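Trainee: For the protein sequence lines, the chains are A and B, in the order given. If you read the first sequence in this note's numbering, its first letter stands for residue 2, the second for the next number, and so on. If you read the second sequence in this note's numbering, its first letter stands for residue 8, the second for the next number, and so on. For glycine and all other residues, C-beta sits at the position ideal for the given N, C-alpha and C. All of these numbers come straight from a predicted model, not from anything done at the bench.
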Amino acid sequence: MQELKLTKQSEIVNELLARYGVKFGIYKNNVFKEQLFPFDTIPRVIEKENFAHLEQGLKQRVMALNCFIRDVYGEKKIIKDRVVPEEFVYISSGFLAPCDGVTPPKGVYTHIAGIDLVQGKDGEWYILEDNLRVPSGASYPMIARELCRRSSPDTFEDNHIEDNRYYAKLLRWVMDYVNVGGHTVILTPGRYNAAYFEHSYLAEKTGAHLVSGNELMVEDDYLYFVDYTGKKERVGAVYRRISDEYLDPMTFKEESVIGIPHIYDVYRKGNVALLNAPGNGVADDKGIYYFVPKMIRYYLGEEPILQNAPTYLPFYEEDMKYILEHFDDLVLKDVAEAGGYGVVFANKMTRQEKEDFISLLKKEPRRFIAQEVIDFMDIDILEDGEKTPRKADLRAFVLMADEPLVWKSGLTRFSRNPDSFIVNSSQGGGFKDTWVLSQ
Amino acid sequence: MKDLRFHYHMDIEFSEPVCNHTYTLKCIPQTTQTQEITECTVQVLPANKVQRGCDSFGNIMLYGNVEEEQTLFSVDVSGRARTGIERQEIGGRYTDLSIYKYQTPLTRPDSRLEELYQKCAEDKTAELSLAEKVRAYMKAVYESMSYCKGVTGIATTAGAALSMGKGVCQDYAHILLSLCRMDRIPARYVVGMLLGEGESHAWVEIFDGARWMGFDPTNDLVAGDSHIKISHGRDYQDCSINRGVFTGQAKQQQRILVEVTETEGASFSI
Chain A
2 MQELKLTKQS EIVNELLARY GVKFGIYKNN VFKEQLFPFD TIPRVIEKEN
52 FAHLEQGLKQ RVMALNCFIR DVYGEKKIIK DRVVPEEFVY ISSGFLAPCD
102 GVTPPKGVYT HIAGIDLVQG KDGEWYILED NLRVPSGASY PMIARELCRR
152 SSPDTFEDNH IEDNRYYAKL LRWVMDYVNV GGHTVILTPG RYNAAYFEHS
202 YLAEKTGAHL VSGNELMVED DYLYFVDYTG KKERVGAVYR RISDEYLDPM
252 TFKEESVIGI PHIYDVYRKG NVALLNAPGN GVADDKGIYY FVPKMIRYYL
302 GEEPILQNAP TYLPFYEEDM KYILEHFDDL VLKDVAEAGG YGVVFANKMT
352 RQEKEDFISL LKKEPRRFIA QEVIDFMDID ILEDGEKTPR KADLRAFVLM
402 ADEPLVWKSG LTRFSRNPDS FIVNSSQGGG FKDTWVLSQ
Chain B
8 MKDLRFHYHM DIEFSEPVCN HTYTLKCIPQ TTQTQEITEC TVQVLPANKV
58 QRGCDSFGNI MLYGNVEEEQ TLFSVDVSGR ARTGIERQEI GGRYTDLSIY
108 KYQTPLTRPD SRLEELYQKC AEDKTAELSL AEKVRAYMKA VYESMSYCKG
158 VTGIATTAGA ALSMGKGVCQ DYAHILLSLC RMDRIPARYV VGMLLGEGES
208 HAWVEIFDGA RWMGFDPTND LVAGDSHIKI SHGRDYQDCS INRGVFTGQA
258 KQQQRILVEV TETEGASFSI
């Protein structure tokens, strides 16, 4: 692709993003710090055919994940058929017993899924991680696109790019599909949350009310929004951006002050839809990830279109053997951690660290997974006006109503540190727009 | 078999008025394989609209909220139960069992628990039937602990209680659960009432392949017709009788009184 006019506008776009408050909050040593989310104007470009392939694979994957969650909290066939060992389900921190036997409105558990992928040097896409709980990030490429169009309209006339600003419509379509009667709200833990910008932006774009826990209340098994005059109006769908544990002090963490007492009981009775469905984290556990290809075969009777990164479970003897033999080539992940924490590259460990780690691995095999380090394709970023290659991943968004739909864009995150493979925003990375070509 | 009359009373006194008090109660005993509840009345004060639901473990929940200021909250449950009976299997699907095979944060074994488990294993528990094995575990718990109020709390783990060697029924139950689950025996925490006067009680049920059997480690005995079960779950967290939050700075004082008596003349033995 020839030089884009857009890349000359880097400063302007970043200034605009700052002015619009596109920030990401980070807690470091218990201190909340908001920082700008650095934007790189060189887009990740995905060809039309390549994206069509991704789209098929992502739809298939999210369908299977949704089937899995419904099964785990329902009949548990996949466990009885021993495709997934029961300990992987019941020990998972994402498995929530209060969700057992509870079916959400329309049977949807994964309303908004953020699937992280990387493209290998061979051009093949690999799934790194499924994020089903409260995945964030869609707002960033949305607003970046908006501001890029404003800064360099020519670029978007000269190139055939799928418009990504319809994400709000997709989201609204999902919210309306599951709404059981009443208003739709976006529930935020407040402005000290890492993704507060996103909460307010999505509320504005979808026309949903942005509310905090103390503006909602439960009465007689229904959920109400209480406005400043004290008037109560029924709520039929809550896109909640707070995690399961804090959602309802009467069912989950009792000390939660950002949740709504009894909201879970309203949900249990089918009187409100919660997006995403509580308990769906059982399917995005790093230990369960290993089984997703098996789920696709089990529920859909299809071969997986997109591959997992080669993964080993120390839980299985033969895998443990492989891990010990190839220890230095692997990356080890603690299944209980997220956001780039608890990830260690074996070749970066000292001898003592290795010994300690291996004994921990033997003691708690269920706690870790090991993966081959994928040599993923570098993407150019601009640094001081020069192009330099960096590691980058892609978070694709799949929304689910009566069928899954893949957003024709995504959040491309890159690591600013040239030696790092970790691209998470919470680790200080930057982002790019993701262009899907329309022809 | 016994014919029992039970009365559970709980009140919470707030040191100053509180409002927006929301609560969930799991206080209603149900008919099971070994008990039949023939009569049950519940009174919640302040009188307010109370919703009824069922949690994922099968316990009945009563819940509601009191927006107005209040200084006293009370719950009264009374009724009659026939205990020590044998009824047809109700519920108990396979799917319900597996959840109870795995440790929870409150029962997760530490080195002390593993030690106790090993000690039991040396006593050749492997050759015993499931029920005998659990009896051996129960005895080990009973002998490792002395009953003492006020040294443990609702967040005390099985390991912490065992290290102290002291605790109440809840701690005894958590330790026994931990031992059973190290063998992957489906074991659940039970809240209930015991014949006589006192507070609510806690014990353990294990699934022996055909039915749930009660073991009361605090008293080192198999739960029988002196026990009335109210609820069950994976640990204390799942079946606390009362859970509540409110707005206000008040200190709260909770009183619980349980009274279970045998009804005169109505009991007979076979």
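Looking at chain B, which residues of the region 322–341 of chain A have a Cβ within less than 8 Å of any of its Cβ atoms?
Mentor: Per Cβ criterion, the list is empty.
Trainee: Is the Cβ of GLY174 (chain B) closer than 9 Å to any Cβ of chain A?
Mentor: no
Trainee: Are LEU224 (chain A) and ILE264 (chain A) closer than 9 Å when you measure CB to CB?
Mentor: yes
Trainee: Alpha carbon to alpha carbon, what distance is there between VAL236 (chain A) and ASP228 (chain A)?
Mentor: 12 Å
Trainee: Rounded to a whole number of angstroms, what is the C-alpha to C-alpha distance between PRO24 (chain B) and SER207 (chain B)?
Mentor: 27 Å
Trainee: Would ALA145 (chain A) count as contacting chain B if we go by Cβ distances under 9 Å?
Mentor: no
Trainee: Ends of the alpha helix (DSSP H) at SER257 (chain A)?
Mentor: Counting along the chain, SER257 (chain A) falls outside any alpha helix (DSSP H), and DSSP gives it neither H nor E.
Trainee: Could you list the residues in the region 262–275 of chain A with a C-beta less than 9 Å from some C-beta on chain B, going in chain order?
Mentor: PRO262, HIS263, ASP266, ARG269 and LYS270
Trainee: Between TRP436 (chain A) and ARG151 (chain A), what straight-line distance do the alpha-carbon atoms span, to the nearest angstrom?
Mentor: 16 Å
Trainee: Is there a C-beta anywhere in chain A that falls below 9 Å from the one on GLN259 (chain B)?
Mentor: no
Trainee: Keeping to the same chain, check which residues put their C-beta closer than 7 Å to that of GLN177 (chain B); ignore five residues upstream and five downstream.
Mentor: ALA209 and TYR243
Trainee: Name the residue from A:CYS100, A:HIS327 and A:GLU387 whose alpha carbon lies nearest to the alpha carbon of GLU4 (chain A).
Mentor: A:GLU387
Trainee: Check the C-beta distance from LEU11 (chain B) over to ILE235 (chain B) and give it rounded, since I have them as a contact under 8 Å.
Mentor: Rounded to the nearest angstrom, the Cβ distance from LEU11 (chain B) to ILE235 (chain B) is 6 Å, consistent with a contact under 8 Å.
Trainee: Report yes if the CB atom of TYR45 (chain A) is closer than 9 Å to the CB atom of LEU307 (chain A), and no otherwise.
Mentor: The sequence given here places Arg at residue 45 (chain A); Tyr does not occur at that position. No. Outside cutoff.
Trainee: Taking 9 Å as the cut-off, decide whether the C-beta atoms of ASP62 (chain B) and PRO99 (chain A) are in contact.
Mentor: yes
Trainee: Can you grab the Cα-Cα spacing for the pair LYS322 (chain A) / PHE415 (chain A), in whole Å?
Mentor: 33 Å
Trainee: I want to verify the contact list: residues of chain B whose CB lies under 7 Å from the CB of PRO250 (chain A), in sequence order.
Mentor: Chain-ordered, the chain B residues with CB closer than 7 Å to the CB of PRO250 (chain A) read VAL252.
Trainee: Using a Cβ cut-off of 9 Å (strictly closer), state whether ASN66 (chain B) contacts chain A.
Mentor: no
Trainee: Taking only beta-carbon atoms, is LYS236 (chain B) less than 9 Å away from chain A?
Mentor: no
Trainee: Using the beta-carbon count (16 or more within 10 Å), is PRO419 (chain A) buried or exposed?
Mentor: exposed
Trainee: Which residues, taken in chain order from the region 38–58 of chain B, show a beta carbon closer than 8 Å to some beta carbon of chain A?
Mentor: LYS56 and GLN58
Trainee: Span of the beta strand (DSSP E) holding THR249 (chain B)?
Mentor: A small fix is needed here, since residue 249 (chain B) is Asn in this sequence, not Thr. First-last of the beta strand (DSSP E) with ASN249 (chain B): 249–254.
Trainee: Contact defined as beta carbons within less than 8 Å: I believe TYR110 (chain A) pairs with ASN272 (chain A). What is the distance between those atoms, to the nearest angstrom?
Mentor: That belief does not hold up - the Cβ atoms of TYR110 (chain A) and ASN272 (chain A) are roughly 18 Å apart, past 8 Å.
Trainee: Any beta carbon from chain A within less than 9 Å of GLY60 (chain B)'s own beta carbon?
Mentor: yes
Trainee: What would DSSP say about ARG20 (chain A), mapped onto helix, strand or coil?
Mentor: helix
Trainee: Using a cut-off of 7 Å between C-beta atoms, extract the partners of ARG119 (chain B) located in chain A.
Mentor: Correct list: empty, because the minimum Cβ distance to chain A is about 16 Å.
Trainee: Using the Cβ count rule (16 or more neighbours within 10 Å means buried), how would you classify ALA147 (chain B)?
Mentor: buried
Trainee: Considering Cα atoms alone, identify which of B:THR270, B:TYR179, B:ILE248 and B:PHE253 is closest to HIS16 (chain B).
Mentor: B:ILE248
Trainee: At a CB-CB cut-off below 7 Å, which residues of chain A make contact with THR31 (chain B)?
Mentor: MET251
Trainee: Say whether chain B places a C-beta atom closer than 9 Å to the C-beta of CYS68 (chain A).
Mentor: no
Trainee: Would ARG89 (chain B) and GLN42 (chain B) qualify as a contact pair, given that the criterion is a beta-carbon distance under 9 Å?
Mentor: yes
Trainee: Let me know the secondary structure DSSP gives ILE261 (chain A) once reduced to three states.
Mentor: coil
Trainee: Verify the CB distance criterion: does ASP159 (chain A) have a CB-CB separation below 9 Å to chain B?
Mentor: no
Trainee: Interface residues of chain A around ARG241 (chain B) at Cβ under 8 Å?
Mentor: Identification of chain A residues near ARG241 (chain B) by a Cβ-Cβ cut-off of 8 Å yields ALA98, ordered along the chain.
Trainee: Are any of the Cβ atoms in chain A nearer than 9 Å to that of TYR154 (chain B)?
Mentor: no
Trainee: Would you call ARG192 (chain A) buried or exposed, if buried means 16 or more other Cβ atoms sit within 10 Å of its Cβ?
Mentor: exposed
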